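Take any residue in the sequence shown, note its place counting from 1, add 154, and you have its number in the working numbering.
Just so you know, even glycine gets a beta-carbon here, dropped at the ideal spot from N, CA and C.
Please read all numbers here as calculations on a predicted model, not as lab measurements.
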Amino acid sequence: MTAGGVLAVVLVAVAACGRPTGDFGRAAPSYLHDTLLPVAGDLIASQARKEPVSAFPLTDDEIELRNRAWAFVRAPHARDWWLDTLVEGERTRILPILKGDGAMSPETAAMFPEIALPLIAPAYDRSRYHRYLLSDGRRSTETLWTRVTDDARADTALVPPFCAVAARVRRADVERLGALRRQGLVEASLHQGAEARVWENEETISWVWQALGYRGASYRYAIDHLEVEAPSGQLVAAERALAGLLGVRCFGAPAMRTAMPSGPARHSRLMNPPDPFDEPVPQK
């Protein structure tokens, strides 16, 4: 475990809470979460994990991309305090994005001491949403089915606006990298800053797609278990709502992996997984 990794665990423990939420589920202003933790996170990302960190100012679209991403990466169930804490650690870059297809990837696991791995495991537990639904024993079982359907439909409705912003960010990144070529700029800081910002934007988009996969898996788990625990005529509506989420697609963005130039100081290291655009929501 590196010193940076230990610091990451300590800082998340100190933060000990998710990002504050205001009206309509939007993030509420917070000096700790908006200023202090992101500064610490950038330091940990660059020094401990050797990730690209750009000093460029965020464009309006990049800010909106990150704000819309937050709606997806938060836990799909209220009051999940620890999962909100993990997500806040990822958002501020104190923690790496906890990647893995239904389980923690070896690369992510290697960033933490073995004793801390059980604390990270909730990020991959698709049963948490189902347990949340059942946590209030006074609820009508029909209400539980309605909640699953409504949640899946609400997520589906949020995807097109996010994709529209992501497409604009992608087009701007193509222009950003094209400007480096056309102008023949040789300053290493410009190339490093541009490539780092493109990497950050791509990671944000990938993070959202991973979060949607987690949500889809959570809804699938809840529907399968409720079908046994509390059979209902609402099963068809819930299945259709989930199918709508899993089938949603993004269009209109160029693939950045083919757009990256070779800068004078280092090469881009954009993600290798399939481009989220033109792909359905991953199913787990």
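Cutting at 7 Å between CB atoms, please list the residues of its own chain near residue 319, excluding the five before and the five after it. Here residue 319 corresponds to residue number 165 of the sequence shown, with the count starting at 1. Once the five neighbours on either side are set aside, the close Cβ partners of residue 319 are 215, 218, 219 and 222.
Taking the beta carbon of residue 388 as the centre, do at least 16 other beta carbons fall within 10 Å, making it buried, or is it exposed? Mapped onto the sequence shown, residue 388 falls at position 234. Buried, since its Cβ has 16 or more Cβ neighbours within 10 Å.
Helix, strand or coil, according to DSSP, for residue 213 in the structure here? In the sequence shown, counting from the first residue as 1, residue 213 sits at position 59. Of the three classes helix, strand and coil, the one that applies to residue 213 here is coil, per DSSP.
If we count Cβ pairs, one from each stretch, closer than 8 Å, do we get three or more for the segment 279 to 293 versus the segment 365 to 374? yes
Taking only the alpha-carbon atoms, compute the straight-line gap between residue 417 and residue 345 and give it to the nearest angstrom. Walking along the sequence shown from the start, residue 417 turns up at place 263. Walking along the sequence shown from the start, residue 345 turns up at place 191. For residue 417, the predicted structure reports a pLDDT of 39, less than 50, and the residue's modelled location is therefore unreliable. A value from the coordinates is still provided. For residue 417 and residue 345, the distance between alpha carbons rounds to 5 Å.
Quick check on residue 388: does DSSP put it in helix, strand or coil? Translated into the one-based positions of the sequence shown, residue 388 becomes position 234. Coil, per DSSP.
For residue 261, which of helix, strand or coil comes out of DSSP? Locating residue 261 in the sequence shown gives position 107, counting from the first residue. Three-state result, residue 261: helix.
Relative to the alpha-carbon of residue 331, which residue among 400, 348 and 302 has its alpha-carbon at the smallest distance? As a first step, residue 331 must be located in the sequence shown, where it is residue number 177. With distances taken between Cα atoms, residue 331 lies closest to 348.
With a threshold of 7 Å on Cβ separation, who are the neighbours of residue 263 within its own chain once the five nearest residues in sequence on each side are excluded? Locating residue 263 in the sequence shown gives position 109, counting from the first residue. Excluding residues within five positions, the ones whose Cβ falls inside 7 Å are 271.
Counting pairs of Cβ atoms below 8 Å between the segment 390 to 405 and the segment 302 to 313, do you hit three or more? yes
Taking the continuous alpha helix (DSSP H) assigned at residue 274, which residues delimit it? Taking the sequence shown and counting its residues from 1, the one referred to as residue 274 is at position 120. It spans 271 to 274 - the alpha helix (DSSP H) in which residue 274 sits, taken as one unbroken run.
Determine the closest residue to residue 191 out of 230, 207 and 248, with distance taken between C-alpha atoms. Position 37 of the sequence shown holds residue 191. Per the Cα distances, 248.
Range of the contiguous alpha helix (DSSP H) that encloses residue 248: The residue given as residue 248 occupies position 94 in the sequence shown. It is not in any alpha helix (DSSP H) - residue 248 carries neither H nor E in the DSSP assignment.
If you draw a straight line from the C-alpha of residue 226 to the C-alpha of residue 340, how long is it? Against the sequence shown, residue 226 aligns to sequence position 72. Against the sequence shown, residue 340 aligns to sequence position 186. So the two alpha carbons sit approximately 38 Å from each other.
Nearest-angstrom Cβ-Cβ length linking residue 276 and residue 236, presumed shorter than 8 Å: The count along the sequence shown starts at 1 and reaches residue 276 at position 122. The count along the sequence shown starts at 1 and reaches residue 236 at position 82. That belief holds up - the Cβ atoms of residue 276 and residue 236 are roughly 6 Å apart, short of 8 Å.
By DSSP, does residue 435 sit in helix, in strand, or in coil? Your numbering for residue 435 matches position 281 in the sequence shown. DSSP places residue 435 in coil when its eight states are reduced to three.
Would DSSP call residue 256 helix, strand or coil? For the purposes of this step, residue 256 is taken as residue 102 along the sequence shown, with counting starting at 1. Residue 256: coil per DSSP, three-state reduction.
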